[in-house]
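Chemist: Under the working numbering, the residues of the sequence shown are numbered 53 to 339, in order. Glycine included, C-beta positions come from ideal geometry on N, C-alpha and C.
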Amino acid sequence: SVWSPPYFVGKHYESHLTLDAWQSLLAETIQLHVDILRPGAFLAINIADILCFADESMPRIQLPNVSKHRSPVTREMVLDARATHPDLNRHQLAELLGCSEQTIDRRLNGNNIRGGKYATQTRCRTVAGMIESFGLDAGLYLYDRRIWVKDPAWANSHWHASSYRAVDEFEYILMLWKPGETTVDRERLTRDEWSAWGSRAVWSFPSVRANDQHAAQFPIELPRRLIRLLTDPGEVVLDCFMGSGTTALAAVELDRQFIGCELTPEYVKLGRQRVAEALAARAGSPC
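(1) My output table needs one value for residue 186: the three-state DSSP class, helix, strand or coil.
(2) Checking the sheet assignment: what are the DSSP bridge partners for residue 98?
(3) Measuring only the C-alpha atoms, how far is residue 338 from residue 324?
(4) Give every residue of the same chain whose Cβ lies closer than 6 angstroms to the Cβ of residue 176, excluding the five residues on either side of it in the sequence, and list them in chain order.
(5) Measuring alpha carbon to alpha carbon, tell me which residue in 109, 257, 152, 110 is nearest residue 353.
(6) Residue 85: buried (16+ other C-beta within 10 angstroms of its C-beta) or exposed?
(7) Answer yes or no: do residue 133 and residue 148 have a C-beta to C-beta separation smaller than 8 angstroms?
(8) Could you give the C-beta distance for residue 364 and residue 269, rounded to a whole number, given that I count them as a contact under 8 angstroms?
(9) Tell me the DSSP secondary structure of residue 106 in three-state form.
(10) Given that a residue counts as buried once 16 or more other Cβ atoms are within 10 Å of its Cβ, and exposed if not, what is residue 211?
(11) Okay, do the region 58-74 and the region 188-201 touch, 3+ Cβ pairs below 8 angstroms being the bar?
(12) Between residue 308 and residue 329, which are expected to be in contact by the criterion C-beta below 8 angstroms, what is the C-beta distance as a whole number of angstroms?
(13) Please return the same chain residues whose Cβ sits closer than 7 angstroms to the Cβ of residue 247, not counting the five positions on each side in sequence.
(14) From which residue to which residue does the alpha helix (DSSP H) around residue 315 run?
(15) Throw me the rounded Cβ distance for the residue 306 and residue 94 pair, which I believe falls under 8 angstroms.
(16) By Cβ distance below 8 angstroms, which residues in the same chain neighbour residue 108 in space, the five residues on each side in sequence not counted?
(17) Does the separation of the CB atoms of residue 156 and residue 97 fall below 8 angstroms?
(18) Quick one: is residue 234 buried, meaning 16 or more other Cβ sit within 10 Å of its Cβ, or exposed?
(19) Does the beta-carbon of residue 219 have 16 or more other beta-carbons within 10 angstroms, so that it is buried, or is it exposed?
(20) At what residues does the beta strand (DSSP E) containing residue 69 begin and finish?
(21) Among 137, 99, 187, which residue has its Cα nearest to the Cα of residue 222?
(22) Give the DSSP-derived three-state secondary structure of residue 83 in the structure shown.
(23) Between residue 331 and the rest of its own chain, which residues show a CB-CB distance below 8 angstroms, the 5 nearest in sequence each way excluded?
(24) Work out the CA separation of residue 227 and residue 319 for me, nearest whole Å.
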C-alpha cells in the first residue's frame, strides 16, 4: 500500500477536518490495513515531517524582530519619550519621534508572535511518532523510513520566513510492516540502483512544481521507487488517497495491478483518464 494522506495544512479538500478528525482519519485508515495487507507486506505513507496547528494553550509571547525594523526609532527612544511626556498617547508619541504609531506599538509590545499578533499561537508536533503510534495500535510495526528531499518550496521568497523556522524542503516516507514472512529480493534493482537509492535513507528528486491538476501531487518517482523496492510484477498496489492517480500510473508502468480509492469526483475522473491513457500507451494503441 502506497499513499499520501491530507497533511492538515489548509487545503480545500481537508478544510472540513478538525485536528482530532484528521488524526482519526489516519488512525482508522491504518487500522483497516490489518485485514487488507497480506502477512509480510508493507504500508508506505508519504507525509510532511511536522504538523503545525493552532493551540490556544500556547503562551502568546511577543518578541522583537530586529531584522524587520524599518525605522531607526528604538525601544529606548520610545521609553525615554514616554517618560518625558507621560501625557502623550501612542499617536502623539509617534508624531514626536517621526514614526508611525505601529512602530510605537511594536517597540513597546513586540510583534513576532507565531500565528500572528492577534491570532492563536501555532504549535508544532512531529508526525512520525503519530504514525508509529497508530500503526502499533493496529498491530503494524514501523519497519523503516526514507527522507524525501524536495526542491525548496519557498526558494524565491525574501528571507524565506520572519522566524527561525526552517524552509520546508523534505518529507517522510514511513514504512509500516505487517508481521509475516517478507521476501527480500535484491534482483528487483540493479547494483547501481541499490547503491544510489535502494539502501539509502535520503532520496532526492524534484517535487511537482505545477499542481495544475491536483493541489498536492507527488512526483511519480516516489511511488515508482517504493513499488520497485517492495513488490514483484503482477502484485497488487493499493492507494487509499488516489488523487490524480500517480500511484496507479506507476503501477501500470511497472506491470503491477492497482486499487485506488478517491472521494472527490473531479479527481476520480482525472485519475481514470490518466490511467486509461497510460494503459493505451502501454498497449501501443490510441486512447
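Modeler: To lay it out plainly:
(1) helix
(2) 225
(3) Interpretation of residue 338 is limited by its pLDDT of 47, a score under 50 that renders its predicted location unreliable; the figure taken from the coordinates is listed afterwards. Their Cα atoms are separated by approximately 16 angstroms.
(4) 102, 104
(5) Outside the displayed span of the chain (53 to 339) sits residue 353, for which this structure offers no information.
(6) buried
(7) yes
(8) Residue 364 lies beyond the stretch modelled for the chain, which goes from 53 to 339, so this question has no answer here.
(9) strand
(10) Here residue 211 scores only 48 on pLDDT, less than 50, and its place in the model should not be relied on; the value that follows carries that caveat. Exposed: under 16 other Cβ atoms inside 10 Å.
(11) no
(12) With a Cβ gap of about 17 angstroms, residue 308 and residue 329 do not count as contacting.
(13) none
(14) Premise fails: residue 315 is in no alpha helix (DSSP H) and is neither H nor E.
(15) About 16 angstroms; that fails the 8 angstroms criterion.
(16) 172, 173
(17) no
(18) exposed
(19) exposed
(20) Per DSSP, residue 69 belongs to no beta strand (DSSP E) and is neither H nor E.
(21) 99
(22) helix
(23) 304
(24) 26 angstroms
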